[in-house]
Amino acid sequence: MSNESRRTATSEILDVDSYALRDGGRAFFLTVKEEVVTLQEAVTGIDLSDALAVGGSRKTRLGSEPLEPLWLKGGPRPLVAREGDLLLELELGAVLNPGLFLDQRRNRAVLREKLQSTISALGGRPLRLLNLFCYTGAFSLAVARECVDAGAAVELINVDLSKRYLSWLKRNVALNFPGTDAVVSREFPQDARKFLETEVRKRPASYDAIVIDPPTFSRGPTPFRVENELPGMVTTAIKLLRGAPGDLLFVSCNDSRWLTSAFEATLSEAAPGFRLTPGSYSLEEFGPDYLLKSAFLTRA
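Residue numbering for the sequence shown follows the working numbering, starting at 27 and increasing by one per position.
1) Would you grab the beta carbon distance between Pro92 and Ser83 for me? Rounded to a whole angstrom, and I think it's under 8 Å.
2) Between the beta-carbon of Ala35 and the beta-carbon of Gly51, is there less than 8 Å?
3) Three or more C-beta pairs closer than 8 Å, one from the stretch 221 to 240 and one from the stretch 143 to 158: is that the case here?
4) My output table needs one value for Trp97: the three-state DSSP class, helix, strand or coil.
5) Taking Met259 as the reference, give the member of Glu61, Leu187, Pro240 with the closest Cα.
6) Is the Cβ-Cβ distance between Ala176 and Arg134 less than 8 Å?
7) Enumerate in chain order the residues of its own chain whose CB-to-CB distance from Ala288 is below 6 Å, with the five nearest sequence positions on each side excluded.
8) For Ser320, collect the residues of the same chain with a Cβ closer than 6 Å to its Cβ; drop the 5 residues on either side in sequence, then sort them by chain order.
9) Please identify the residue among Leu112, Gly71, Leu88, Phe221 whose C-alpha is closest to the C-alpha of Asp186.
10) How far does the beta strand (DSSP E) with Glu115 in it extend, from its first residue to its last?
11) Tell whether a beta-carbon distance below 8 Å holds between Ala79 and Leu105.
12) Ala200: buried (16+ other C-beta within 10 angstroms of its C-beta) or exposed?
13) Since Pro304 sits in a beta bridge, which residues does DSSP pair it with?
14) Between which two residues does the beta strand (DSSP E) containing Lys85 stretch?
15) Ser44: buried (16+ other C-beta within 10 angstroms of its C-beta) or exposed?
16) Can you check which of these residues, Leu267, Asp315, Asp273, Ala263, is closest to Asn280 by C-alpha distance?
17) Give me, in chain order, the residues of the same chain whose beta-carbon lies closer than 6 Å to that of Leu88; leave out the 5 immediate sequence neighbours on both sides.
18) Could you work out which residue in Ala296, Arg283, Lys99 is closest to Leu74 when comparing CA atoms only?
19) Helix, strand or coil: how does DSSP classify Tyr161 here?
20) Exposed or buried, which one is Glu109 when buried takes at least 16 other CB atoms within 10 Å?
21) Suppose you measure from the CA of Glu67 to the CA of Ala147; what does that come to, to the nearest Å?
In structure tokens:
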């Protein structure tokens, strides 16, 4: 088995994500697509020889529900996954995802590559990243690692409605960058739309890069549907970029009903003067029907 964290199986019944752990061994997270299948039944036929634990979620008629994890070697303990040179804390209990979306792995790597010229031209000031719908901060960690490895400082502005995810993000930052003042991370438990509106009034043209990776929909206090909200968010986010060549906006979504051509056309219309480069739409391990819509928008 590869030393990477990756999806190892996908079918009509089950998706299997395998996470390489910092201290050796692996943790598995299963997405069970049939309500009658238990986690114990789902692991049948999976090679668990190096597994410390298995977590999972199950789709039901009303949505999804977490499953009680199986601890295979010892009792419950903290788990830390590796993605290249990044470390991310995992949780297997009472979650629908353990804290790291593997389908964005390639996009995180490309984001780092695309920011290298911007980092080299910082001239001593920190790079400023705005990460909207930041979840547990994997994109923020990737950008911070690229800056630190190049001898640059970085300021991470992380926005998510969930205080739980923001606390999780803070632990991930501490895990990766202990004892350094080169990484400053600020967390804002706010609606990303409202944050953008406030920020563009107070601090326009102040970011080098922005990540917008929203859910398809949300039933929160102010309902959210990505196809309706994303165009306006992109138009507003552009006003927060510095206005320099190399300004970068990464946008992604998982709305299966939004055709790729329509997604790209929407972004191009919302971001005139920016060059659109398609992101990683699919990874082979996710199967032929899996489509992650994403794009890098760079100021021309």
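Here a beta-carbon is modelled for each residue, glycine too, at the ideal position from N, C-alpha and C.
Based on what the coordinates show:
1) Sequence index remark: in the sequence shown, residue 92 carries index 66 (1-based). Sequence index remark: in the sequence shown, residue 83 carries index 57 (1-based). Correct: roughly 5 Å between the Cβ atoms.
2) Here residue 35 refers to the residue found at position 9 of the sequence shown. Here residue 51 refers to the residue found at position 25 of the sequence shown. Taking 8 Å as the cut-off, the beta carbon of Ala35 is found no closer than this to the beta carbon of Gly51.
3) Enough Cβ pairs lie closer than 8 Å, so yes.
4) In the sequence shown, residue 97 corresponds to position 71, counting from 1. Three-state DSSP puts Trp97 in a strand.
5) For this step, residue 259 is matched to residue 233 along the sequence shown. Sorting Glu61, Leu187, Pro240 by C-alpha distance to the C-alpha of Met259 places Pro240 at the top.
6) Locating residue 176 in the sequence shown gives position 150, where the first residue counts as 1. Locating residue 134 in the sequence shown gives position 108, where the first residue counts as 1. No.
7) Residue 288 sits at position 262 when you count from the first residue of the sequence shown. No residues qualify anywhere along the chain.
8) Mapped onto the sequence shown, residue 320 falls at position 294. The beta carbon of Ser320 sits closer than 6 Å to the beta carbons of Asn133, Ser278, Gly305 from its chain, once the five residues preceding and following it are set aside; these are given in chain order.
9) Locating residue 186 in the sequence shown gives position 160, counting from the first residue. It is Phe221 whose Cα lies nearest to the Cα of Asp186.
10) To locate residue 115, count along the sequence shown from 1; it is residue 89. Segment 112 to 116, the beta strand (DSSP E) holding Glu115.
11) Working through the sequence shown from its first residue, we reach residue 79 at position 53. Working through the sequence shown from its first residue, we reach residue 105 at position 79. In this structure, Leu105 lies closer than 8 Å to Ala79 by Cβ.
12) Counted from its first residue, the sequence shown places residue 200 at position 174. It is exposed - the Cβ of Ala200 has fewer than 16 other Cβ atoms within 10 Å.
13) Here residue 304 is taken as the residue at index 278 of the sequence shown, counted from 1. Ala321, per the DSSP bridge assignment.
14) Position 59 of the sequence shown holds residue 85. Unbroken beta strand (DSSP E) run through Lys85: 77 to 86.
15) Here residue 44 is taken as the residue at index 18 of the sequence shown, counted from 1. Buried, because 16 or more other Cβ atoms sit within 10 Å of the Cβ of Ser44.
16) Sequence index remark: in the sequence shown, residue 280 carries index 254 (1-based). Measuring from the Cα of Asn280, the nearest candidate turns out to be Asp315.
17) Your numbering for residue 88 matches position 62 in the sequence shown. Cβ neighbours of Leu88 beyond the five flanking positions: none.
18) In the sequence shown, counting from the first residue as 1, residue 74 sits at position 48. The option with the nearest alpha carbon to Leu74 is Lys99.
19) The count along the sequence shown starts at 1 and reaches residue 161 at position 135. Reduced to three states, the DSSP call for Tyr161 is coil.
20) In the sequence shown, residue 109 corresponds to position 83, counting from 1. Buried.
21) As a working mapping, residue 67 is identified with position 41 in the sequence shown. As a working mapping, residue 147 is identified with position 121 in the sequence shown. Note on geometry: alpha-carbon atoms of Glu67 and Ala147 lie some 54 Å from one another.
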